[in-house]
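S.K.:
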Amino acid sequence: METYVDASGVDETAAESSVEKHKKKLKVMVAIDESKNSFDALQWVVEHLRDVISAEPETGQEGGLLTLVHVHPTYLQYIYPSGGTDSVPEQVRKAREESTTNLFTRALEICRGKMVKTETMILEGDPKEMICQAVEQTHVDLLVLGSRGLGMIKRAFLGSVSDYCAQHAKRPILIVRPPRETSTSSTKEHKIK
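For the sequence shown, the UniProt record's numbering gives the first residue as 1, with consecutive numbering after it.
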């Protein structure tokens, strides 16, 4: 089962109506990377699914869980010329760790103040396969991904994590499309040409 929504919240009725039926706390996984679209998906989850993933301290009801997953592509170690105190692979590893820390800091700021119990997960490998494995192993109720907005041709040649996960994940998946451009920007674009 997959559902597409706009990051602006348009077309959200299907996702919200299915959530309303359950009234239980859910375990939701959001895959994030450096792209704006993954953060649009996270923002959508925090705004629209807050009731099913947030804790309710006054009722004593245990809250759901929001899992933020980030996948590092497999790092291939090559032979580098020696020199300096730090080797190139060590510098690459440190830069990758710093980038991941910044990524999760940004993501956790979005979740702050919403009473959302959040955990982070860092995996290494092919993002498509690792996300599907993580979904299966953690038994989440819903996987949420941002869509890069690739056209059909680019998606066929480049592949798409969201397309792969929609076909292979063994849980429901929600793909949040990029927000639609405003009519003023498209009007300006036509005038320039």
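Note that CB positions come from ideal geometry on N, CA and C, so glycine has one too.
So residue 175 is in the beta strand (DSSP E); what residue range does that whole segment cover?
M.R.: 173-177
S.K.: What are the residues that DSSP puts in a beta bridge with residue 54?
M.R.: DSSP, once it has assigned bridges, lists 116 as partnering residue 54.
S.K.: Touch check for the segment 100-115 and the segment 133-143: three-plus C-beta pairs under 8 Å?
M.R.: Short answer: they don't touch.
S.K.: On the CB-based measure, 16 or more other CB atoms within 10 Å of its CB, does residue 139 come out buried or exposed?
M.R.: exposed
S.K.: Ends of the beta strand (DSSP E) at residue 143?
M.R.: 142-146
S.K.: Taking the beta carbon of residue 74 as the centre, do at least 16 other beta carbons fall within 10 Å, making it buried, or is it exposed?
M.R.: Residue 74 is classed as exposed because its beta carbon has fewer than 16 other beta carbons within 10 Å across all chains shown.
S.K.: DSSP beta-bridge partners for residue 122?
M.R.: In the DSSP output, where bridge partners are listed per residue, residue 122 has 70.
S.K.: For residue 161 and residue 91, I'd like the C-alpha separation in whole angstroms.
M.R.: 28 Å
S.K.: Alpha carbon to alpha carbon, what distance is there between residue 180 and residue 225?
M.R.: Outside the displayed span of the chain (1 to 193) sits residue 225, for which this structure offers no information.
S.K.: Quick one: Cα of residue 136 to Cα of residue 170, how far?
M.R.: 6 Å
S.K.: Check residue 65 in the structure and name its three-state DSSP category.
M.R.: strand
S.K.: Which word fits residue 95, buried or exposed, when buried means at least 16 other C-beta atoms lie within 10 angstroms of its C-beta?
M.R.: exposed
S.K.: Do you know how far the Cα of residue 131 is from the Cα of residue 165?
M.R.: Each residue's Cα considered, the two are about 8 Å apart.
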